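So the structure is just underneath, and the comments pick up after that.
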Amino acid sequence: MCGAEALPWFSALGLLLLRLAVVPAPAEPVASALRCTLPSPRNVHFVSRNLKNVLHWLPPEGIPEDKLIYSVKYLVYGTRVQSWSYH
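All letters in the sequence shown, in the order written, are residues -27 to -1, 1 to 60 by mature numbering (1 follows the signal peptide of the UniProt record, and there is no 0).
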């Protein structure tokens, strides 16, 4: 399913709320900025040690890692946000 607003997301538990957008990287330049929904990434988790948080994940099954662009947004726990937006 494709659409300009169709993006998968992930919300993490703990100190951070995380969102992960997986967007296909075009093999060649295209005229439109159309984004397609992909399967969710696998094994998404973050490791927190001494207040340093690192997000880890594996690409979806069957999709080469070099064909994807990953974008991560985060929010410190307790911060209020009206809405998330991806540009």
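Even glycine gets a Cβ: it sits at the ideal position worked out from N, Cα and C.
Computed from a predicted structure; not experimentally measured.
Within 7 Å, strictly: CB atoms of residue i and residue j
| i | j | result |
| --- | --- | --- |
| L31 | N16 | yes |
Assumed close pair residue i, residue j - CB separation to whole angstroms, cut-off 8 Å
| i | j | result |
| --- | --- | --- |
| P37 | P14 | So it is not a contact: roughly 13 Å between Cβ atoms. |
Residue i (DSSP reduced to helix, strand or coil)
| i | result |
| --- | --- |
| E1 | Note on E1: pLDDT 49, under 50, position unreliable in the model; the coordinate value appears next. It is coil, neither helix nor strand. |
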